[in-house]
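Input: a single structure, listed below in structure tokens.
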Amino acid sequence: MKKRVIRPLPIRGSAEIDLDSHAVIEASAGTGKTHTIEHLVVDLLRGGRVRSLDEILVVTFTEKATGELKDRIRKIITESLKKEKSDILQMSLDAFDTASIFTIHGFCNKILQEYAFENGEQFINDLVDDRVVYEKALYRIMREEWPRRYGDSLQKVLTVSQFPGSTASGVGTWLKRVIDVALRYQPAGNDMLYPDGGQYLMEKISLMENECHALLDRLLPLAGQIDENDPGRSELCARYASLNIRKNSIPKRVRIITAVLKLLTAHRTRKISLEKLSVFSSGLEIGDAGFNELNEGWNKSGPDYEEKLPHLPRIIEILEQLRSLDLPALQNLLAANTIQDLKHASAEDKKAHGRISYDDMVNRVYAALAEDSGTLKHELRKRYRYALVDEFQDTDMLQWNIFRTIFLESEKHKLYIIGDPKQAIYGFRGADVNAYYIARDEMISAYGARSYSLTENWRSAPELIRCFNTIFADANWFTDGSISYLPNHYPDEKEPYSAKIVRPLVVMQCGACSGTEAKYKSADYFALEIIALTSNNPDLELNEMAILVTKWKEADAVEQSLKKANISYSYYKKEGLYQSREALELSYLLTAIAKPHDTAARKKALVTRFFRVPLHELNHYNSISSDHPAAILFEKWIAFAERKNWSLLFQSIMEDSGILYRTDVDDYDRSIINYRTIMQNLEVDASRRNLSILEIASQMERLRSQNIFAHESHNIEKTDMDKPGVQILTIHASKGLQFRIVFIGGGFSRRDISDFWTYHRYTRRVFDLVRDAGNRDLHDRELRSEEERLFYVALTRAKDRLYVPVFEPAARAKGTAGILGGKLPNALQAVRYDSQVIWIDIDFVEPSDIGSQGLKTDRAPIPMIPDPLFPDPAMNFLHRKISVASFSGLKAELYEKESAKRRHLAFGESGSQAGEDDVSTIAPGLPDSEHDALRELPRSTETGLMLHEILEQIDFHHTGRAKNPGDLLADKPGTDAIITAAVNKHMRYHHDDVLDHIRNETARILWNTLRAPLHDSGLVLGDLKRKIHEVEFYNPASLRTASTVPEISYTDGFIHGFIDMIFQNENKYYIVDWKSNFIEEGYTREHIEKSINDMHYDLQIKIYSSALISWLKRVVPGYLYNRDFGGVYYLYLRGMDINHPGSGIYFCRPETEAEAMDLTPIIIHR
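Read in order, the letters of the sequence shown are residues -17 to 1148 in this note's numbering.
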């Protein structure tokens, strides 16, 4: 059936939409869909189409989108009221908290709760995950229903149904397929199963067996004498080989006849089973012609079988009858029946026990609307007059039927569906783009809906938009006849495009190779190109770039290349936190703690990265002594667990095991984030539910096996927000997002073969368990169309530049190449000669040649500074002890020793001491007196924290350009907001007039700090291009026994701390430490040196220098101390003054590396 192509009316926004008609609004990528929706709401209110906001229902796809839409609608109503007085807008704003803006599930759940009595629902239902419910119900069906239904024939049913299979993960493929289909199959939405199930499975098996045996019985006498030892030497094979058939085809056909004779031999000995018939059929080398191939390919003189093999036509006829037995359908009947049983049993069980899933919310509302009484339908029509349904391409038939019932079957109501079929990519979650097509066509043809298309692209560069228009032209890209692409254009009223990046499309040609080879080539080029881009563009941040993959496995190559280039990166919504290695290891460890006498459990824990005991050494730990480091640590953890002190337990696991300090762990940053995220989740659950350690271990195992309900965000790997980097995400997760630079990093290989097919037959969605060859074209066509839509989404995420790798599949790789080796390179030929498109051969073109095109080139290379700075310890836990010290701890020891002397001094004999913000002797944030606060900032810990926090957040370049401190406070959305927030947070104990003074004094300090020259070169902090704040380090210190410290020895350990800032200038790396100390005598170098010695900052300088130099040695090629290490700045913020150069500034750079790295003073002090 030819699909209807509907050409919508191009529009710019909501002002062109008829508010008195139904509407279908297509919104291509970047065309301002949300902007249109929010203005439609206000237009309906202002135009008098509704009496209040309560009469408008707005439905969107995600909770996040719902929250954003609420904020934007509230904001536009507020802004409209500033321009004009309106009673209905004011009333809407006053009652905005009751606005009906929901996800589809939020809307349905609210309806079920409000009309629970009328629909026979419980007022409160527990939310459950259908996958968990289905798994439990499936095992119950297998355990109880199957034996009852099939009795003694159960084994035969299971054998015919090919139960069970298994995957590498140990989960039965048969069970997984049943649950996967059940999760998406909607009988109420007119979905079909093939086969469709039904009763009498055992009878159908017996009937097919009898028919099979009868055919083989008829075939036996026609086959003649069979050589049972070697059927290939039988009379039938010899006769067939003598026929007048082309010689090159005879060997294959003799193999087919040999297989038939083997089947007959087995049948004559013992009646064959349907399972053996299945094996026989799957092993045949026959094409679409089937066994008729045996009667084809004759030489010119024609057939001669009448003389040599007269029974050939009859043999072929019987074999074709045997082949026509629908064995695949029979083999899948049990699965189809089980899916239907599963849907019914789970629905009944959930309703009886007050449980509900997200799908149930939609199903139950649909069922309630379909009832003859029409109570719910009548109530909803009284409440709502207009509905705006966003992302309609991601709905399904049930959702469409709900909105059609409420809003289309009444002339007084209006329905607007907003979406884009080109971005329908969530079929794997149950969304059905066909529902969009049906809704669109029916609304237009039967209900007079207007069809519109938003065509102003507010996202991408003008030249990139023009490229998209060429690439996505209907015949060039989309094969789905229901999709119509209208060209987009750059908005007339938008400011002219001013980004420095020109030639926005880069096609990376990888040459003739396999998809895997192209993937790794591209990943290496991406990394080098990122370095070139960021080096030449001062405004481009790493997190403004994204690498898009089709599946997380494809990200491996990208991660390796980024790591090799020392480029920071982060995942966006990477699923599988509880299926990670970290989850497995933590599960082993918690089980060992929960079962202290279980030797096997403890051995599993010992081989994890927490202990790193090699497998061949495990036998040595069958009975370790109680004073062994591992035994001591386990006893400590067991004690924490018994007291349910989860915070200390998890902290000790991270620190005392040493896992926190091992950067040789694969993907160190990701692993540490995963460990911490899982522990935080477990700690919250344990505290909230008062769990025991055994219950926590069991909870962990259920989370790993996904046998427990958890919100989808619970299983997402977290991003390290303190170190934003290049974003790696799947194309599915990228929908709705945008990035300045986009690299396509997925699509090199074909998708995995599905164990069931999904396609549409007319208007019905079919779940084909058989994967019937007759329907392959339907399946392949829809799969192709889904991939086209997926890569439309991928390409249109880019704002400024898009990188697309393509390759020509080598001969060995043609069958496995993905869209980057097929459809996409062909489509890109449409822009082959466009002057704004760069075509490169990545084997011969350097990334810097492309990354610098149209970009500034006055930027120094990126200082790739890892966080934390940390060297690699080489020992496993059981062979070492790690002592971790911090500078604060060292300093505390020094003060403790000095205090012995001071206790013997008379009052006042200790002399004057410099103020130290790190040590507070008064209430946090409180000055000695209000009078002191009027002369300077309070002398307290909170002052130091406040200044540190501000310096981490403000834009140095912007702040440094301010003409005076007052300009910083005039910058309301920027610097002033940061200063005010920090002052209010840390100085909240002061009166308002004092807070104003603190803000002014803070602005003065910041302005002077970022404008005062640091030394004779004229360098000022406000001009820095490359810097990083709060760099954590764990620096090893071989604390050898010193003669000046008798009776003290130290094991190898680590000193832990944070460097306030590291910056790069003229290829040298510098350390900056902010000091908010008050020095009464002034801030000359002499007075600062005294403060540094009094406060033992000289030790701190050595520790910081040693940490940075250790890292430079590891990562800077050909590292040289004099060339690469710049030195250490201690900046006393209160004393820095642009009018007094050098005030408040202390600079230190030891003459030699040995002097800079020497930690002996620390040992001697200790």
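All residues carry an ideal CB built from backbone N, CA and C; glycine is no exception. The model shown is predicted, which means the values in this text are computed figures rather than measured ones.
By the Cβ criterion, the segment 664 to 676 is not in contact with the segment 485 to 498, since fewer than three pairs of Cβ atoms, one from each stretch, lie closer than 8 Å. When the alpha-carbon of V965 is set against those of R591, T984, D112 and G956, the nearest one is in T984. Secondary structure note for F508: its alpha helix (DSSP H) is the uninterrupted segment G497 to N518.
Burial is judged here by how many other beta carbons sit within 10 angstroms of a residue's own beta carbon; Q1046 has at least 16 and is buried. Distance from A(-3) to Q405 at the Cβ level is roughly 24 Å; contact not present, criterion being Cβ atoms closer than 8 Å.
Counting C-beta pairs with one atom in each stretch, the segment 68 to 82 and the segment 735 to 744 have fewer than three that are closer than 8 Å, which means they do not touch. Between the alpha carbons of G336 and A329 lies a distance of about 11 Å.
A direct Cα-Cα distance of roughly 55 Å separates A809 from A668. For R432, the enclosing beta strand (DSSP E) stretches over residues R432 to L436. Shown here, M636 sits in a helix according to DSSP, grouped into three states.
Taking C-beta atoms under 8 Å as the contact rule, I1085 and S1073 fail to qualify, at a distance of about 18 Å. Excluding five sequence positions before and after A944, the CB atoms of its chain that fall closer than 7 Å to its own CB belong to L950 and W989, given in chain order. For S817, there is no enclosing alpha helix (DSSP H), as DSSP gives it neither H nor E.
Between H1122 and the set F1107, L1006, H997 and R779, the nearest pair of CA atoms involves H997. Within the same chain, S569 and T573 come within 8 Å of E683 by CB-CB distance, once the 5 residues on both sides are set aside. About 13 Å separates the beta carbons of L380 and N416, which is beyond the 8 Å limit, so they are not a contact pair. Straight across, the Cα-Cα distance linking V24 with L992 is about 46 Å. Distances from the CA of G88 to each of G180, Q818 and D342 were compared; the closest alpha carbon is that of D342. In terms of Cβ geometry, S1058 and R1116 form a close pair [threshold 8 Å]. Counting along the chain, T247 sits inside the alpha helix (DSSP H) bounded by residues I232 to T251. Within the same chain, Cβ atoms closer than 6 Å to the Cβ of Q935 are found at I960, the five residues on either side in sequence being excluded.
Rounded to the nearest whole angstrom, the CA to CA distance from L246 to Y287 is 22 Å.
N1075 sits in a helix when the DSSP states are folded into three classes. L446 sits away from K15, with the two beta carbons spaced by 8 Å or more. If you look at M124, you'll find it isn't in any beta strand (DSSP E); DSSP assigns it neither H nor E.
Taking a cut-off of 8 Å for Cβ pairs, the segment 256 to 267 and the segment 204 to 219 do not touch, as fewer than three such pairs fall below it. The Cβ neighbour count for G1000, taken over all protein chains shown within 10 Å, is under 16; the residue is labelled exposed.
In this structure, V488 and Y971 do not form a Cβ contact; the two beta carbons are roughly 56 Å apart against a cut-off of 8 Å. Under the three-pair Cβ rule at 8 Å, the segment 542 to 550 counts as touching the segment 504 to 512. Nearest neighbour of R1131 by Cα position, chosen from S1125, Y1114, N1075 and Y1052, turns out to be Y1052.
Taking 8 Å as the cut-off, the Cβ atoms of Y774 and F454 count as close. Taken through DSSP and simplified to helix, strand or coil, F749 comes out as strand.
DSSP lists no bridge partner for E1135.
Taking the Cα of N627 as reference, the smallest distance to any Cα among E665, A612 and I641 is reached at E665.
At a Cβ-Cβ threshold of 8 Å, E127 and D323 count as neighbours. Here T461 has R763, R766, S767 and E770 as same chain residues with Cβ atoms under 8 Å from its own Cβ, once five neighbours each way along the sequence are excluded.
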